[in-house]
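Colleague: Protein chains in written order, with our numbering: chain A, 3 to 299; chain B, 23 to 333.
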Amino acid sequence: MRLVLTADNRLGMLREGGVVDVSSVFDDIRYRAAADRMPRVMAELENRRSRLEALLERGELEALPALLSPAPRPPKLIAASGNFLEGGIGERKPQDMFLQSPDSVIGPGSEVVLPHHDVTIFEHEAELAMVIGKRSKDLPADERALDALAGYTCAMDIAGHGLGRIGPSRIGKSFDTFTPLGPAIVTTDEVPDPQDLRIALTVSGEIRQESTTRDMEYTIVELLAFASSYMTLVPGDVIMCGTQYRGPGALQHGDQAEMTIERVGTLAVSVSDARRREWPRGIDQDVSARQRAAGTA
Amino acid sequence: MRIVMFNQDRMGVVSNDDTVVDITDLLARYNPLGPEDLLPDLISHFDDLRSNLDERLTAGNGIPLADVQLHSPLVRPSKIICLMGNYREGTDRPLQVLDLFFKSPEGISGDGDTVVLPPHQADIFHHEAEIAVVIGREAKDLGTSEAMDAVFGYVAFNDVSARGLGRSDINSFLGKSFDTFAAFGPWIVTRDEIPDPQALQVTVDVNGERRQDYETSDMERPVEELLTYISSVTTLHPGDVICCGTNHQGLGSMQDGDAVVTTVSGIGSFTIHVKDDHARSWQRGVDTAAGERVKAAARHPVGARNGGATS
Chain A
3 MRLVLTADNR LGMLREGGVV DVSSVFDDIR YRAAADRMPR VMAELENRRS RLEALLERGE
63 LEALPALLSP APRPPKLIAA SGNFLEGGIG ERKPQDMFLQ SPDSVIGPGS EVVLPHHDVT
123 IFEHEAELAM VIGKRSKDLP ADERALDALA GYTCAMDIAG HGLGRIGPSR IGKSFDTFTP
183 LGPAIVTTDE VPDPQDLRIA LTVSGEIRQE STTRDMEYTI VELLAFASSY MTLVPGDVIM
243 CGTQYRGPGA LQHGDQAEMT IERVGTLAVS VSDARRREWP RGIDQDVSAR QRAAGTA
Chain B
23 MRIVMFNQDR MGVVSNDDTV VDITDLLARY NPLGPEDLLP DLISHFDDLR SNLDERLTAG
83 NGIPLADVQL HSPLVRPSKI ICLMGNYREG TDRPLQVLDL FFKSPEGISG DGDTVVLPPH
143 QADIFHHEAE IAVVIGREAK DLGTSEAMDA VFGYVAFNDV SARGLGRSDI NSFLGKSFDT
203 FAAFGPWIVT RDEIPDPQAL QVTVDVNGER RQDYETSDME RPVEELLTYI SSVTTLHPGD
263 VICCGTNHQG LGSMQDGDAV VTTVSGIGSF TIHVKDDHAR SWQRGVDTAA GERVKAAARH
323 PVGARNGGAT S
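#1: Is it buried or exposed, Q246(A), if we count other Cβ atoms within 10 angstroms and call 16 or more buried?
#2: According to DSSP, simplified to helix, strand and coil, what is P282(A)?
#3: Going by CA-CA distance only, name the one from P67(A), D38(A), R32(A), E46(A) that's closest to D23(A).
#4: What three-state label does DSSP hand P104(A) in the structure shown?
#5: For a quick check, are the C-beta atoms of T268(B) and A281(B) less than 8 Å apart?
#6: Please work out which residues of its chain come closer than 6 Å, Cβ to Cβ, to A161(B), disregarding the five sequence neighbours upstream and downstream, and give them in chain order.
#7: Can you find the residues in the same chain that come closer than 8 Å, C-beta to C-beta, to L13(A), ignoring five residues on each side of it along the sequence?
#8: Using a Cβ-Cβ cutoff of 7 Å, what residues of the segment 177 to 203 of chain B are near chain A? List them in chain order.
#9: Classify E77(B) as buried or exposed, calling it buried when 16 or more other Cβ atoms lie within 10 Å of its own Cβ.
#10: Give every residue of the same chain whose Cβ lies closer than 6 Å to the Cβ of I210(B), excluding the five residues on either side of it in the sequence, and list them in chain order.
#11: Along chain A, which residues have their Cβ under 9 Å away from the Cβ of A126(B)?
#12: Listing by chain order, which chain A residues have their CB less than 7 Å from the CB of T257(B)?
#13: Assuming L64(B) and L79(B) are in contact, meaning their beta carbons sit under 8 Å apart, how far apart are those beta carbons, in whole angstroms?
#14: How do the segment 101 to 120 of chain B and the segment 213 to 226 of chain B stand: do at least 3 beta-carbon pairs fall below 8 Å, yes or no?
#15: Thinking C-beta only, is G184(A) closer than 8 Å to C156(A)?
#16: Kindly confirm or deny that the segment 256 to 267 of chain A and the segment 193 to 213 of chain A touch, where touching means at least three C-beta pairs closer than 8 Å.
#17: Using a Cβ-Cβ cut-off of less than 9 Å, list which residues of the segment 103 to 133 of chain B approach chain A; keep chain order.
#18: By a C-beta neighbour count over all protein chains shown, 10 Å radius and 16 as the cutoff for buried, is I189(A) buried or exposed?
#19: Go through its chain and collect everything with a Cβ distance to W304(B)'s Cβ below 7 Å, but skip five positions before and after it.
#20: Spatial neighbours of I31(A) within its chain, please: C-beta separation below 8 Å, excluding the five flanking residues on both sides.
#21: Taking the Cβ atom as the reference point for each residue, do V283(B) and V226(B) lie within a distance shorter than 8 Å?
#22: Which whole runs of the alpha helix (DSSP H) in the segment 147 to 192 of chain A are 4 residues long or more, in chain order?
#23: Leaving out five residues on either side along the sequence, give the residues of the same chain with a beta carbon under 7 Å from the beta carbon of E93(A).
#24: Do you know how far the Cα of E129(A) is from the Cα of R51(B)?
#25: Give a yes or no on whether 8 Å exceeds the smallest Cβ distance from R34(A) to chain B.
#26: Taking G109(A) as the reference, which of G244(A), I187(A), L151(A) has the closest Cα?
#27: Mind listing the chain A neighbours of L49(B)? Cutoff is C-beta to C-beta under 9 Å, in chain order.
#28: Please list, in chain order, all residues of the same chain as S138(A) whose beta carbon is under 6 Å from its beta carbon, the five residues on each side excluded.
#29: Taking the alpha carbon of R71(A) as the reference point, which residue from P194(A), A131(A), T122(A), G61(A) has its own alpha carbon closest?
#30: Can you give me, in chain order, the residues of the segment 29 to 53 of chain B that have a beta carbon less than 8 Å from any beta carbon in chain A?
#31: Within 10 Å of its beta-carbon, does P196(A) have 16 or more other beta-carbons around it, so buried, or fewer, so exposed?
#32: Between which residues of its own chain and T238(B) is the CB-CB distance below 8 Å, once the five residues before and five after are set aside?
#33: Given K32(B), which residues of its chain have a CB within under 6 Å of its CB, disregarding the five upstream and five downstream residues?
#34: I264(B) lies in the beta strand (DSSP E); which residues open and close that run?
#35: DSSP three-state label for D227(B), please.
#36: Tell me which residues of the segment 123 to 143 of chain A have at least one Cβ-Cβ distance to chain B shorter than 7 Å, keeping chain order.
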């Protein structure tokens, strides 16, 4: 199942390039804003699967409308530090994670607005993200942990570098509009092996990042076990699984950034900068080399 | 005015004779989905509710504070924003670049609650007492002259912290996000009760022994500047909280059986109890080594960056 939230506030399931309205299945859910509606919907996704699948099969197909992020203002937005084998060999570094502002989330087709702050560069990081469906603590580091998920989605973890004093820059990653998430929550049954997914990102048609989740240092279930050993995870929480550093490059005014994750979908956003700052186009070889040398995020 | 959460899911105001008047029913008109909505609703509609609240206080019939169970006055804020190292701490170094982290809002505890130390092999667990600012309206890009108008009130806070976890090559702040590690209390005082947040005293006593004891006049960047900078980065919402950082001189361990009292002048005191199933023990008293490390790091800032100097 692939759950979307339309710009006119309807819940839909993707089918053959269009969408089927499934709002009626969740009519009973009380909410005040999309931010508290979606976690409640996600908590009910598996429970209502048979009704949803029936509607998906018989329901009227409409052309894909404008979408919002299916995880707007998540209760927690968690990022895994590093977490890609950058071609290095040896012992795994200890896991680490940090929280970002939930207000940074935007949806498909939105605009990333580069803020006026002085930065050394703005960069993109294409990541697989998981969305929690069940309140969970101390999950095991095995496939049972996947029961806690509502599904997967695409995440662009955008960062302004050169701010703050201790990395990774929470400030630089927490600007409004700096976390495109979407287009859909894809349930786990559609992704039999989350550790074998290709991730690609292009900027204005030019390939920037190409990676595979096979290169994740810690697997999805290890990330879930780690995060839930610290914090209770709640429906709607988003955990971004990290990025491969071979590949990030600058984002600047006029860019169209588009990422695709096999089986999970394609997420595209545009970039605007009132200051019209310019950086060299293409892959930022400096940052890639530094990350490989240090083996750190 | 002092705002509390008490007896599971009730919201109240504390009158001058230290009795709690229940105001939960006044908020029903805003259709809260749960107790986590009461504070943002109260804040958003405070002007409309003011006369009702005053009437309730005048009518009296409150319950004595000693007879209610208080909880954190923040049930589940949408953001807990914490400043890194925002005190001069007896050094005369140049102003540090502002930096911040987010603390898990699932980790809330309040007056009388138990902070549970996790089994993770931390080097030590520290208390970090702070003043915290509760946001009073949706706010983005606040100008200097309007910043303080966006403040609803203040609350005392303890940023309980596990040290030595995560990676050794970057400072990890995840050890501050364990469940129960965000301690707020005893109530929120409205802004009118604190004319100057830069003139408060913050103390921690553990089992009756004084640990942290500092003045908010030592804050590197005052509340007004924190509001303008942070709101330039992220949209703030009613009920969000900005924790202004701690003075690390006076940090000490938190271990099994401790009673930790956090006090901010003009606000009040709250107590958290510490439980550790592994009964780990550390030296009692002030962790002077930790204080010295913070001072040394401030002279040689970690992860110095080119450009991007921001305030």
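Don't be surprised by glycine CBs; every beta carbon is placed ideally from N, CA and C. This structure is a prediction, so every number in the text was calculated from the model and none was measured.
Modeller: In this structure, then:
#1: For the purposes of this step, residue 246(A) is taken as the residue at position 244 of the first sequence. Result: buried.
#2: On the first sequence, residue 282(A) is found 280 positions in, with the first residue counted as 1. Coil at P282(A), not helix or strand.
#3: Numbered from 1 along the first sequence, position 21 holds the residue referred to as residue 23(A). Nearest C-alpha to D23(A): P67(A).
#4: Residue numbering aside, residue 104(A) sits at position 102 when the first sequence is read from its first letter. If DSSP states are grouped into helix, strand and coil, P104(A) belongs with the helices.
#5: Here residue 268(B) refers to the residue found at position 246 when the second sequence is read from its first residue. Here residue 281(B) refers to the residue found at position 259 when the second sequence is read from its first residue. Contact: no.
#6: In the second sequence, the residue the question calls residue 161(B) occupies position 139. Excluding positions up to five away in sequence, the list reads A172, S253, L258.
#7: For the purposes of this step, residue 13(A) is taken as the residue at position 11 of the first sequence. Excluding five sequence positions before and after L13(A), the CB atoms of its chain that fall closer than 8 Å to its own CB belong to L5, V6, L7, D23, V24, S25, V27, F28, V43, given in chain order.
#8: Answer set for the segment 177 to 203 of chain B: G188, R189, D191, I192, N193, S194, F195, L196, S199, F200, D201.
#9: The sequence position of residue 77(B) within the second sequence is 55, counting from 1. With fewer than 16 other Cβ atoms from the protein chains shown falling within 10 Å of its own Cβ, E77(B) counts as exposed.
#10: As a position in the second sequence, residue 210(B) is number 188, starting the count at 1. Only I25, P95, V156, G175, V177 meet the Cβ criterion.
#11: Stepping through the second sequence from its first residue, residue 126(B) is reached at position 104. Per the sequence presented here, residue 126(B) reads as Ser, with Ala not at that position. Listed along chain A are K78, I80, L101, Y232, M233, T234, each with a C-beta nearer than 9 Å to that of S126(B).
#12: On the second sequence, residue 257(B) is found 235 positions in, with the first residue counted as 1. Under the 7 Å cutoff, chain A gives D105, D178.
#13: As a first step, residue 64(B) must be located in the second sequence, where it is residue number 42. As a first step, residue 79(B) must be located in the second sequence, where it is residue number 57. Rounded, the Cβ-Cβ distance is 14 Å, inconsistent with contact.
#14: Not touching, per the Cβ criterion.
#15: To locate residue 156(A), count along the first sequence from 1; it is residue 154. To locate residue 184(A), count along the first sequence from 1; it is residue 182. Yes, these two residues count as a Cβ contact at 8 Å.
#16: The segment 256 to 267 of chain A is in contact with the segment 193 to 213 of chain A.
#17: Per Cβ criterion, the list reads I103, M106, G107, Q118, V119, L120, D121, L122, F123, F124, K125, S126, P127, E128, G129.
#18: On the first sequence, residue 189(A) is found 187 positions in, with the first residue counted as 1. Per the sequence presented here, residue 189(A) reads as Thr, with Ile not at that position. Looking at its Cβ environment, which holds 16 or more other Cβ atoms inside 10 Å, T189(A) is buried.
#19: By one-based count along the second sequence, residue 304(B) stands at place 282. Excluding positions up to five away in sequence, the list reads I146, S275, Q277.
#20: The count along the first sequence starts at 1 and reaches residue 31(A) at position 29. R39, R42, V43, E46.
#21: For the purposes of this step, residue 283(B) is taken as the residue at position 261 of the second sequence. For the purposes of this step, residue 226(B) is taken as the residue at position 204 of the second sequence. Contact flag set, yes.
#22: Counting only runs of 4 or more, we get 172 to 175.
#23: Within the first sequence, residue 93(A) is the residue found at index 91, counting from 1. So the list is empty, once near-sequence residues are dropped.
#24: Along the second sequence, read from residue 1 onward, the residue named residue 51(B) stands at position 29. Along the first sequence, read from residue 1 onward, the residue named residue 129(A) stands at position 127. Distance between the alpha carbons of R51(B) and E129(A) is about 42 Å.
#25: Mapped onto the first sequence, residue 34(A) falls at position 32. Yes, contact with chain B.
#26: For this step, residue 109(A) is matched to residue 107 along the first sequence. It is I187(A).
#27: In the second sequence, residue 49(B) corresponds to position 27, counting from 1. Those within 9 Å of L49(B) in chain A number zero; the least Cβ separation is about 13 Å.
#28: As a working note, residue 138(A) is residue 136 in the first sequence. Within the same chain, Cβ atoms closer than 6 Å to the Cβ of S138(A) are found at A150, S230, L235, the five residues on either side in sequence being excluded.
#29: Position 69 of the first sequence, counting from 1, holds the residue named residue 71(A). The question names Arg, yet the displayed sequence has Ser at residue 71(A). The residue with the shortest Cα to Cα distance from S71(A) is A131(A).
#30: Contact annotation: in the segment 29 to 53 of chain B, residues whose CB is within less than 8 Å of a CB in chain A are N53.
#31: Sequence index remark: in the first sequence, residue 196(A) carries index 194 (1-based). With 16 or more other Cβ atoms within 10 Å, it is buried.
#32: To locate residue 238(B), count along the second sequence from 1; it is residue 216. Correct list, in chain order: I153, P219, Q220, A221, L222, Q223, V224, C266.
#33: For this step, residue 32(B) is matched to residue 10 along the second sequence. Reading off the sequence, residue 32(B) comes out as Arg, not Lys. Taken in chain order, the residues that qualify are D44, T46.
#34: Your numbering for residue 264(B) matches position 242 in the second sequence. Per DSSP, the unbroken beta strand (DSSP E) holding I264(B) starts and ends at 263 to 265.
#35: Locating residue 227(B) in the second sequence gives position 205, where the first residue counts as 1. D227(B) falls in the strand class under three-state DSSP.
#36: The segment 123 to 143 of chain A vs chain B, Cβ under 7 Å: nothing.
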